[in-house]
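Engineer: Numbering (the working numbering), first residue to last: 163 to 417.
Every residue, glycine too, gets a C-beta built ideally from N, C-alpha and C.
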Ligand SMILES: Cc1cc2nc3c(=O)[nH]c(=O)nc-3n(C[C@H](O)[C@H](O)[C@H](O)COP(=O)(O)OP(=O)(O)OC[C@H]3O[C@@H](n4cnc5c(N)ncnc54)[C@H](O)[C@@H]3O)c2cc1C
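1) What do you get for residue 304, buried or exposed, if any count of 16 or more other CB atoms within 10 angstroms of its CB means buried?
2) Please give me, in chain order, every unbroken run of the beta strand (DSSP E) with length at least 3 that falls completely inside the region 191-229.
3) What's the C-alpha gap between residue 415 and residue 181?
4) Can you determine whether any heavy atom of ligand 1 sits closer than 7 Å to the C-beta of residue 325, and answer yes or no?
5) Report the residue from 314, 306, 259 whose alpha carbon sits nearest the alpha carbon of residue 281.
6) Among the residues of its own chain, which have a CB less than 8 Å from the CB of residue 249, if the five just before and after it don't count?
7) Taking residue 244 as the reference, which of 232, 205, 224, 291 has the closest Cα?
8) Do the CB positions of residue 344 and residue 358 come within less than 8 Å of each other?
9) What span of residues does the beta strand (DSSP E) with residue 408 cover, start to end?
10) Within its chain, find whatever has a CB closer than 7 Å to the CB of residue 402; leave out the 5 residues flanking it on each side and keep chain order.
11) Let me make sure I understand the geometry here. Which of 346, 413, 239, 202 has the alpha-carbon closest to that of residue 213?
12) Across which residues does DSSP place residue 187 in a beta bridge pair?
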């Protein structure tokens, strides 16, 4: 395959790209913790996707899937990335500066999308696994649909500073209480880093059944979405579908 090197705004050579793919230029970066960052990318071509889908980003011939946080109506592609210190791609992504480019496969993929046949969308997410939920809720509210869909966002993290999207969901839940319900939970409440935490505690998979009952969700009109940590998803898959819950999953890695 022919490769080319594109020169970035800094004048330094940018990273080697596959010329047959569009480019995704880093236009914004927020470091959430030492190993979590939110980035915004400007794609060189029109990039269509459905809320919940993922894109495939690459640098130096290494490509990985990333669920899209932004909604299709937004200008930039927003991605929530966790650093895997021994990983091949994420250390390179964390070294990126504004103006540098990645490659992006021209088509988004994935079946982890909103099921419009159900009205209750019970979404279990760990850390970066919140991306599809953010995209779905942003687009739904942007479209101004008043057709009775309700999103229940169960958002788990080890530490409170890993949430990042908690403020957005808390605000939406306050503004649209009939449409957005938000339950953030930390799994290590006794650790010093969580000293300020006063909310729900426990892994998201250990509280899911309690909240399905609390919200009194009807099995025949509810979809359960589980995204992120494979351990959380495996546990939920063992428990919920056998009870008759309609279940869809997106695992971010294999243990
Ligand atoms: C559909 C899909 C959507 C995804 N969306 C996101 C997303 O929105 N944000 C995001 O950060 N990642 C996401 N991922 C994971 C992403 O594709 C990469 O696997 C991840 O960024 C690590 O890449 P790497 O090259 O640095 O590590 P690799 O070299 O691929 O992995 C090294 C090792 O770490 C394991 N591993 C990978 N990710 C993790 C992790 N988070 N924690 C612990 N171990 C891990 C791998 O299984 C492997 O054993 C998604 C994966 C899939 C399949």
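Structural biologist: Walking through what the data contain:
1) exposed
2) 198-205, 216-221, 224-229
3) 28 Å
4) no
5) 314
6) none
7) 291
8) no
9) 408-413
10) 386, 409
11) 239
12) 204, 263
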